[in-house]
Amino acid sequence: MGASYHQFCPVAKAMELLDERWTLLVVRELVSGSERFNELRRGLPRMSPTLLSRRLHQLVRAGVVERHVDGVDVRYVPTQAGRELRPVLEALGAWGVRWIGELGDADLDPKLLLWDMHRHVDHRAVPRGRTVVHFRFRDVPAGFRDWWLVINSGEADVCDVDPGHGVTVTVHADLRTLVQVWLGDLSWPAALRGGAVEIAGPEVLRRALPRWFTLSEFAAVPRPPTPV
1 MGASYHQFCP
11 VAKAMELLDE
21 RWTLLVVREL
31 VSGSERFNEL
41 RRGLPRMSPT
51 LLSRRLHQLV
61 RAGVVERHVD
71 GVDVRYVPTQ
81 AGRELRPVLE
91 ALGAWGVRWI
101 GELGDADLDP
111 KLLLWDMHRH
121 VDHRAVPRGR
131 TVVHFRFRDV
141 PAGFRDWWLV
151 INSGEADVCD
161 VDPGHGVTVT
171 VHADLRTLVQ
181 VWLGDLSWPA
191 ALRGGAVEIA
201 GPEVLRRALP
211 RWFTLSEFAA
221 VPRPPTPV
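Here is the structure:
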């Protein structure tokens, strides 16, 4: 745990564990369903593996996470204490949507966006069989421009290299615009009308694609009134 605040206040005691850098984001990934180290790394692409290991060890020691080992398979599973942090994270995220200012360019990460999107696929809406969505971000450096979301049999995976399957539809987008759509600041129709997002493929699939995703859980958070 971090240094003590030497206060009996329960908020202070909780923050001795939770306010160290990256800790709450690790918990965010865990309560969102990531259990294995590589899954956690994909949801925290800018966190060093060494620091991730350290934070997981701290959370296990604090009783927030359990480490399950089955041969070479190691999973990190939230305990009841960890699961009870979900509404805390939801409230913190909703507050951030309402009161934190515009995202900077450094905050926009295609890897994190696609990782979040793959957890919000509405498999009932996606065509049967394998569906491959190719995302091409026009305003991103070449090495990070192309991503593939492979959806099949109730599962979805994110690829940063061509998986070799036929592409069902291609989404051409400005990264910032697609993040705005994902967070609920811009609707799919508005993004498509403005041309910042374009979908290439058969017409029936182009029209259906927005329904394949349920959007971020923060998309429905009411925004504060705009000052007159």
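Going by the UniProt record's numbering, the first residue of the sequence shown is number 1, and it counts up by one from there.
The beta carbon of each residue, even a glycine, is placed where N, CA and C say it ideally should be.
Rounded to whole angstroms, A220 and P110 show a C-alpha spacing of 22 Å.
Between V65 and L30, the gap from beta carbon to beta carbon is short of 8 Å.
Under DSSP, F135 forms a beta bridge with W147, V171. Annotated as proximal: W115 and R42, with beta-carbon spacing under 8 Å. In the DSSP secondary-structure assignment, F213 is bridged to V121.
Scanning Q7, D160, A3, C9 for the CA closest to the CA of E20 turns up A3.
The C-beta distance from P45 to L112 rounds to 6 Å, short enough to meet the 8 Å contact threshold. The residue among F8, M47, D185 with its C-alpha nearest the C-alpha of L103 is D185.
Selection L85, L40, Q80, V140 evaluated against D107 yields V140 as nearest (Cα-Cα). Cβ neighbours of E35 within its own chain (closer than 7 Å, five residues either side excluded): R75, Y76, V77. The UniProt domain "HTH hxlR-type" (9-104) contains, as complete beta strand (DSSP E) runs of 3+ residues, the segments 65-70, 73-78 (chain order). Inter-segment contact for the stretch 143-154 and the stretch 118-132 is present: three or more beta-carbon pairs are separated by less than 8 Å. If you check the CB distance, A173 and F137 come in under 8 Å.
With respect to L56, V97 sits apart: the two C-beta atoms are not nearer than 8 Å. The secondary-structure analysis by DSSP pairs E155 across a beta bridge with N152.
In the structure shown, the three-state DSSP call for A200 is strand.
Straight-line measurement puts the Cα of S187 at about 38 Å from the Cα of A14.
Residue state for A220 is assigned as coil, using DSSP reduced to three classes.
Judged by beta-carbon spacing, L215 lies beyond the 8 Å limit of I199, meaning their Cβ atoms are not closer than that value.
With distances taken between CA atoms, E84 lies nearest to S32 out of V197, S32, P225.
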